[in-house]
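Below is one structure, written out as structure tokens; comments come after it.
Number of protein chains: 2
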Amino acid sequence: MDEFGEAAFVEAERSLSEGGIPIGSVLVWKGQIIGSGHNRRVQKGSAILHAEMDALENAGRRSASVYRESVLYTTLSPCPMCAGAILLYQIPKVVIGEAQNFKGEATFLRKRGIMVDILEEHRCLEMMTRFIDSFPELWKEDISV
Amino acid sequence: MDEFGEAAFVEAERSLSEGGIPIGSVLVWKGQIIGSGHNRRVQKGSAILHAEMDALENAGRRSASVYRESVLYTTLSPCPMCAGAILLYQIPKVVIGEAQNFKGEATFLRKRGIMVDILEEHRCLEMMTRFIDSFPELWKEDISV
């Protein structure tokens, strides 16, 4: 992974160390991280702070032109809510750590014109697999199944 | 509008009185409001707290079974992010105040199996039209155009 993929992974590790769901994300504009985040379901009792949403929130209010020159990195394939946020802000490219534990909306994003790279990075995959095995109910809650 | 549509409208009015974007939403489960919210872009400097997201957040962590028996009311047709949240949580029905100022993702939601009622309620329409006329840049920021 490049430095931004690593930064997203560090966010996922941070969430795990907080007792949360280990998914991390960063929003990158012109080669700089402008928002970092991780899943906060446990930490904040949040139903909407998936990692990607947290990164977008932490990036603050930005003009449309910023999002359209940005890349969103996430350790796990985005759910419908996070994919929708990517479409709202027309972020042209998404880099995904892994899409094996959760297929997510990568195909839908591609159909809507977003460039999607799936790395299948073993550290992302292993961290999430271990988490799902250990906390299956929490994981199910996060994807509402 | 029924009492829940009215409650969403009151949320929109509340946002306006706070200097914010006048869009409101409530999440209803078994005939009771379990989450109310309004757009908080201005109030909290938020990029993700659209009205529907705020209502979902204020409903707290809920099991999948609750969302699947719920109805989401919103004064304006949902954007891709909010539509995605509806799909994530498989909320089976959405009641929309108006879809003239913003077409949103009503058609997409229907394609994905969500029941969508569009009321074209004149008070929702007029409030939003007046707001967009008065604050076009803020409105553009909210839908990232």
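In order, the protein sequence lines correspond to chains A and B. The opening residue of the first sequence carries number 1 in this note's numbering; numbering runs sequentially from there. The opening residue of the second sequence carries number 1 in this note's numbering; numbering runs sequentially from there. Using N, Cα and C, we set each Cβ at its ideal position, and we do this for glycine too. Since the model is a prediction, treat every value here as computed from it, not as a measurement.
My assumption, with CB atoms under 8 Å, is that F4 (chain A) sits in contact with G24 (chain A). Please give the rounded CB distance. Within the first sequence, numbered from 1, the residue matching residue 4 (chain A) stands at position 4. Within the first sequence, numbered from 1, the residue matching residue 24 (chain A) stands at position 24. Going by Cβ atoms, the distance from F4 (chain A) to G24 (chain A) rounds to 11 Å, so no, they are not a contact pair.
Burial state of E137 (chain B), where buried means 16 or more other Cβ atoms lie within 10 Å: Sequence index remark: in the second sequence, residue 137 (chain B) carries index 137 (1-based). Exposed.
So what does DSSP say about L16 (chain B), is it helix, strand or coil? Taking the first residue of the second sequence as position 1, residue 16 (chain B) is located at position 16. The answer is helix: DSSP assigns L16 (chain B) an H, G or I state.
Helix, strand or coil: which one does DSSP assign to G31 (chain A)? Taking the first sequence and counting its residues from 1, the one referred to as residue 31 (chain A) is at position 31. DSSP places G31 (chain A) in coil when its eight states are reduced to three.
Determine whether the beta carbon atoms of G84 (chain B) and P80 (chain A) lie at a separation below 8 Å. As a position in the second sequence, residue 84 (chain B) is number 84, starting the count at 1. As a position in the first sequence, residue 80 (chain A) is number 80, starting the count at 1. Yes; because the gap between Cβ atoms is below 8 Å, this pair is in contact.
Closer than 7 Å by beta-carbon distance: list the chain A residues that pair up with A8 (chain B), in chain order. Within the second sequence, the letter at position 8 stands for residue 8 (chain B). Ordered by position in chain A, no residue passes the 7 Å Cβ test against A8 (chain B), which lies about 18 Å from the chain.
Taking Cβ positions only, does I23 (chain B) come closer than 8 Å to chain A? Working through the second sequence from its first residue, we reach residue 23 (chain B) at position 23. I23 (chain B) does not count as touching chain A.
Measuring only the C-alpha atoms, how far is I96 (chain A) from A106 (chain A)? Counted from its first residue, the first sequence places residue 96 (chain A) at position 96. Counted from its first residue, the first sequence places residue 106 (chain A) at position 106. Roughly 9 Å between the two C-alpha positions.
Do Q32 (chain A) and Y67 (chain A) have their beta-carbon atoms positioned less than 8 Å apart in this structure? Counted from its first residue, the first sequence places residue 67 (chain A) at position 67. Counted from its first residue, the first sequence places residue 32 (chain A) at position 32. Against a cut-off of 8 Å, the Cβ pair of Q32 (chain A) and Y67 (chain A) comes out as no contact.
Opening and closing residue of the alpha helix (DSSP H) in which E126 (chain B) lies: Stepping through the second sequence from its first residue, residue 126 (chain B) is reached at position 126. Element bounds for E126 (chain B): 122-134.
Using a Cβ cut-off of 7 Å, which residues of the stretch 36-48 of chain A contact any Cβ in chain B, in chain order? R41, G45, S46, A47, I48
Let me check understanding here. Comparing Cα to Cα, which of A:M128, A:R130, A:C82, A:E120 lies closest to L109 (chain A)? Indexing the first sequence from 1 puts residue 109 (chain A) at position 109. Minimum Cα distance to L109 (chain A) is reached at A:C82.
Tell me, please, whether the CB atom of Q90 (chain A) is closer than 8 Å to any CB atom in chain B? Counted from its first residue, the first sequence places residue 90 (chain A) at position 90. So yes, Q90 (chain A) belongs to the interface.
Beta-carbon within less than 7 Å of N58 (chain B)'s beta-carbon, same chain only, minus the 5 sequence neighbours each way: which residues are those? Residue numbering aside, residue 58 (chain B) sits at position 58 when the second sequence is read from its first letter. Here the set comprises G35, S36, G37.
For the stretch 30-65 of chain A, list the alpha helix (DSSP H) runs that are entirely contained and at least 4 residues long, ordered along the chain. 41-44, 51-58
For the beta strand (DSSP E) that L72 (chain A) lies in, which residues bound it at each end? What you label residue 72 (chain A) is simply residue 72 of the first sequence in a count that begins at 1. Start and end: 70-76.
Please confirm if S63 (chain A) has its CB atom under 8 Å from at least one CB of chain B. As a first step, residue 63 (chain A) is located in the first sequence; it is residue number 63 there, counting from the start. It does: the Cβ of S63 (chain A) has a partner Cβ on chain B nearer than 8 Å.
By the three-class DSSP mapping on this structure, what secondary structure does I91 (chain A) have? Sequence index remark: in the first sequence, residue 91 (chain A) carries index 91 (1-based). Looking at I91 (chain A) - three-state DSSP - the assignment turns out to be coil, as it is neither helix nor strand.
What does a CB cutoff of less than 6 Å around H50 (chain A) pick up in its chain, not counting 5 residues either side in sequence? Locating residue 50 (chain A) in the first sequence gives position 50, where the first residue counts as 1. Excluding sequence neighbours, H50 (chain A) sits near N39, C82.
Alpha-carbon spacing of F135 (chain A) relative to E141 (chain A), whole angstroms: On the first sequence, position 135 is the one that residue 135 (chain A) refers to. On the first sequence, position 141 is the one that residue 141 (chain A) refers to. Cα to Cα, F135 (chain A) sits roughly 10 Å from E141 (chain A).
Collapsed DSSP secondary structure at D2 (chain A) in the structure displayed: Along the first sequence, one-based indexing puts residue 2 (chain A) at 2. D2 (chain A): coil per DSSP, three-state reduction.
Give the C-beta separation of E98 (chain A) and E120 (chain A) to the nearest angstrom, bearing in mind that I take them to be a contact with Cβ-Cβ under 8 Å. What you label residue 98 (chain A) is simply residue 98 of the first sequence in a count that begins at 1. What you label residue 120 (chain A) is simply residue 120 of the first sequence in a count that begins at 1. Confirmed, about 5 Å.
If you run the structure through DSSP and keep just helix, strand and coil, what is E137 (chain A)? Position 137 of the first sequence, counted from the start, is the residue given in the question as residue 137 (chain A). If DSSP states are grouped into helix, strand and coil, E137 (chain A) belongs with the helices.
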